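Number of protein chains: 2
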Amino acid sequence: MPINMKSIAAQAGVSVATVSRALNRPEMVHPATREKILAIVEDLNYAPNRFAQGLSTGKTKLIALVVPTLNNSFFGQLADGCQSYLISEGYNLIIYSYEEYGHKELGIIHDIDQRMIEGLILSGSGFYLDTYQEMLNKIKIPVVLVENSPETTGISSVYIDDVAGMTMAAQYLINQGHKQIGIIAGPEKMLTTDRRIKAVRNVFKDYHLNLNEKHVIFGEYASLESGATALQKLMKNRKPPTAILAFNDILAIGALKAAIQLGLKIPKDLAIIGFDDIPMAAYYSPALSTIHSPSLDLGKHAARLLLEKLTEADAPIKKMLLPVELILRETT
Amino acid sequence: MPINMKSIAAQAGVSVATVSRALNRPEMVHPATREKILAIVEDLNYAPNRFAQGLSTGKTKLIALVVPTLNNSFFGQLADGCQSYLISEGYNLIIYSYEEYGHKELGIIHDIDQRMIEGLILSGSGFYLDTYQEMLNKIKIPVVLVENSPETTGISSVYIDDVAGMTMAAQYLINQGHKQIGIIAGPEKMLTTDRRIKAVRNVFKDYHLNLNEKHVIFGEYASLESGATALQKLMKNRKPPTAILAFNDILAIGALKAAIQLGLKIPKDLAIIGFDDIPMAAYYSPALSTIHSPSLDLGKHAARLLLEKLTEADAPIKKMLLPVELILRETT
DNA sequence: ATAAGTTCTGCAAACGGTTACACGTTTTTG
DNA sequence: CAAAAACGTGTAACCGTTTGCAGAACTTAT
């Protein structure tokens, strides 16, 4: 015996239409009838079948989140943030992590139709500068970008204040007397990479310093190994850096490990500042100085912005900038 | 102009039924017709609407995964593993992380009906011994358990060889001459905790040693902080341990950090072995000795077992035990 | 008491597929 | 060469909702 509207209707002695209305537009049905129906609904713990709803309304309350990988606290927290907000609003989240999934096409464009996904939250490094707009053009549903280009027009996005973060970090290091600063960046074509590196260059300019191009290493997005090899390469320079700016904590920790293995004293021989402030940063040994970014909030705000676009026809495009904080621990 | 079956049918000059058959049971339709239809389908990049399919077949190809949190590489990888396998089989995954979501009821039971979720992969610590069976009884769809009780009857499960892992670790420490071994366990009522602690007790018995009950600390599931406080408590004992077995790497790293802060030399004053071998383990400083468990595979196998149950009516209950490995690094 | 509103409810079509059944066509068989 | 079997396709019911439309029942105004 399936518990569907029909059975509710039968029990209440009304038509399915009335049950539907009692649920969706209560003011349209007579109080007495409504009470009766709702009591039965409550009693049977009935909830409408979303598929049928989806078919008939075109609304499925399904949102997709795209992340590079879940094997990184930053995205894990981001996902948790989206999740919790969406669930509270009656939406569900499908997460696509393209590292394991295999990048090609992401298949999402396909699923958007098949699954009738209503909105998309795009995060991470997968969306490179050159293929970026092209990709977005193919998507016909509302999109919110996380940690991506504020330059992109027409799309709401939530991002953290990269520029402020990098600026603070670079200024701090320079004020500490560092002249040779190594940059361990993410992939070259990534938007965040771009933004952050420009911020560093600007600080250097302000201080009338020169950024040694050999001290800039592009690598994988967030891999411990990539951080380690970057550091090794940096230290082989004739004038090795005395401080490192890493574009995320995973890279920073990889670098930190490599530095320790090279026998460097941290922070005396080498100072390191990361980015993100993943939980592990405070617990590394030595504890990593880093830029704190509110990843959970990032997710929540992204989800909120998306739902706004979904439910309010005239929701304006918003660019939301979340503040960051420089947290000084033991690596500086 | 929506691209649905109707439009395909119109273009091919056949009925929707034939299109449906061409897609689902190709052998039933005349090769020539089939070719024609498939060509159009290909051309328009058509894919059937899953909601409509779901409504009429009852199959939605939606699987849910329950994890405590995504803010832990172990579960991140687990999720990635499930994801990649499921996607390759045409399924989609909805992830519920109950830490952020709020534990109560998990709401999943609700969503299972609403969303017509076909199968469930349950992982993690949320399912405690006492409420465990009760919870499972409420679920009417196929379930696969990850890292959970092999004692549970009637349910397929994938788990790692806790017992072998803990046994190896304990034996190793004892053979190294440690007599006072501290245990930093997860929550007391968790099934894995139970299994692992029994394994340790057995090793002690085999060696005719006594496990000091004061050396066993139960804590949160996987929190750095909980690991740190556990260690502090342990070291306050009159006879503090000279080695630590932590039930996961997060706890281990928390403990490690606390130990370093107490000025202990690792591994001379204190040896530590973790569990899971998250990527960070190798990159911690000192690198953490740990039991490697194949979290990605865990996910893939769980997903595979679930699909077997879904598609093969008589799929047998399977208990799959994945082997672990003791990896000795710098903390032993 | 009747006309004109208001409420409230039911009917039925639609959403986009799947599939049992029936029917016309072709092939096989004795 | 007719009867039987096999094949290919269309018709229509169904899955569980939502919602425009129409009509019944009740108010209110005249």
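So the protein lines, in turn, are chains L and C.
Our numbering puts the first residue of the first sequence at 1, with every later residue one more than the last.
Our numbering puts the first residue of the second sequence at 1001, with every later residue one more than the last.
All C-beta atoms, glycine included, are put in the ideal place defined by N, C-alpha and C.
These numbers come from a predicted model, not from an experiment.
**OP:** Assuming S123 (chain L) contacts V67 (chain L) (C-beta within less than 8 Å), just tell me the rounded distance between them.
**Re:** 5 Å
Original post:
Is there contact here, the region 1180-1191 of chain C with the region 1226-1237 of chain C, by at least three beta-carbon pairs under 8 Å?
Top reply: yes
**OP:** Identify which residue in C:A1170, C:S1289, C:R1195, C:T1192 has its Cα closest to the Cα of K1205 (chain C).
**Re:** C:A1170
**OP:** Starting from S1075 (chain C), follow the alpha helix (DSSP H) in both directions and report where the run begins and ends.
**Re:** Residue identity differs from the one stated: residue 1075 (chain C) is Phe in this sequence, not Ser. Note, F1075 (chain C): alpha helix (DSSP H), 1073-1088.
Original post:
Got a sec: which bits of the region 52-69 of chain L sit with their beta carbon under 8 Å from any beta carbon on chain C, in order along the chain?
Top reply: A52, G54, L55, T60, T69
Original post:
Any C-beta of chain C sitting closer than 8 Å to the C-beta of P294 (chain L)?
Top reply: no
**OP:** Quick one: give me the first and last residue of the alpha helix (DSSP H) that G57 (chain L) is part of.
**Re:** A small fix is needed here, since residue 57 (chain L) is Thr in this sequence, not Gly. Note, T57 (chain L): alpha helix (DSSP H), 50-57.
**OP:** Can you check DSSP and say which residues form a bridge with E1325 (chain C)?
**Re:** C:H1292
Subject >> Buried/exposed call for I317 (chain L), threshold 16 Cβ in 10 Å >> reply: exposed
Original post:
Does the beta-carbon of H208 (chain L) have 16 or more other beta-carbons within 10 angstroms, so that it is buried, or is it exposed?
Top reply: exposed
Original post:
So, is the C-beta of H301 (chain L) closer than 8 Å to a C-beta in chain C?
Top reply: no
Original post:
Is the CB of Q83 (chain L) under 8 Å away from at least one CB in chain C?
Top reply: yes
Original post:
Does the beta carbon of L191 (chain L) sit closer than 8 Å to a beta carbon anywhere in chain C?
Top reply: no
Subject >> Element boundaries [beta strand (DSSP E), containing I1278 (chain C)] >> reply: Where I1278 (chain C) is concerned, there is no enclosing beta strand (DSSP E), given that its DSSP letter is neither H nor E.
Subject >> Backbone CA spacing between L1310 (chain C) and L44 (chain L) [nearest angstrom] >> reply: 27 Å
Original post:
Beta-carbon of P1267 (chain C) versus every beta-carbon of chain L: anything under 8 Å?
Top reply: no
Original post:
Grouping DSSP H, G and I as helix and E and B as strand, with all else coil, what is L1129 (chain C)?
Top reply: Caution applies to L1129 (chain C), whose pLDDT of 48 falls short of 50 and renders its modelled position unreliable; the value that the coordinates give is listed next. DSSP places L1129 (chain C) in helix when its eight states are reduced to three.
**OP:** Could you tell me which residues DSSP puts in a beta bridge with Y159 (chain L)?
**Re:** L:L321
Original post:
Cβ of L129 (chain L) less than 8 Å from any chain C Cβ?
Top reply: The pLDDT assigned to L129 (chain L) is 48, lower than 50, so where the model puts this residue is not dependable, and the model offers no usable value.
**OP:** Measuring only between beta-carbons, confirm whether A1047 (chain C) sits less than 8 Å from chain L.
**Re:** yes
Original post:
Taking the alpha carbon of A1199 (chain C) as the point to measure from, which residue in C:G1090, C:H1301, C:V1163 has its own alpha carbon closest?
Top reply: C:V1163
Original post:
Along the chain, where does the beta strand (DSSP E) that runs through I1181 (chain C) open and close?
Top reply: 1181-1185
Original post:
With burial defined as no fewer than 16 other Cβ atoms inside 10 Å of the residue's Cβ, what is the status of K1059 (chain C): buried or exposed?
Top reply: exposed
**OP:** Check whether the Cβ atoms of I121 (chain L) and L306 (chain L) lie closer than 8 Å to each other.
**Re:** yes
Subject >> 7 Å Cβ cut-off: residues of chain C touching H110 (chain L) >> reply: A1047
Original post:
Along chain L, in chain order, which residues have C-beta atoms closer than 8 Å to that of Q1077 (chain C)?
Top reply: L70, N71
Original post:
Should G274 (chain L) be flagged as near chain C, meaning a C-beta pair shorter than 8 Å?
Top reply: no
Original post:
Where are the beta strand (DSSP E) runs, 3 residues long or more, that stay fully inside the region 1229-1264 of chain C, in chain order?
Top reply: 1243-1246
Subject >> Identified DSSP bridge partners for F1218 (chain C) >> reply: C:A1185
Original post:
How many Å lie between L129 (chain L) and L145 (chain L) at the Cα?
Top reply: Residue confidence for L129 (chain L) is low, a pLDDT of 48 falling below 50, so the modelled location carries little weight; the figure read from the coordinates is stated next. Cα-Cα distance, rounded: 14 Å.
Original post:
How many angstroms separate the CA atom of E99 (chain L) from the CA atom of N92 (chain L)?
Top reply: 22 Å
**OP:** For G1054 (chain C), count neighbouring C-beta atoms within 10 Å of its own C-beta (all shown protein chains included) and say buried if the count is 16 or more, exposed if not.
**Re:** buried
Original post:
Taking Cβ-Cβ distances shorter than 7 Å, what residues in chain L pair up with R1115 (chain C)?
Top reply: R50, N92
Original post:
What residues in its chain sit with their C-beta under 7 Å from that of R1032 (chain C), if we drop five residues either side in the sequence?
Top reply: Sequence check: residue 1032 (chain C) is Ala here, not Arg. Here the set comprises nothing.
Subject >> Strand pairing of N92 (chain L), partner residues [DSSP] >> reply: L:L62
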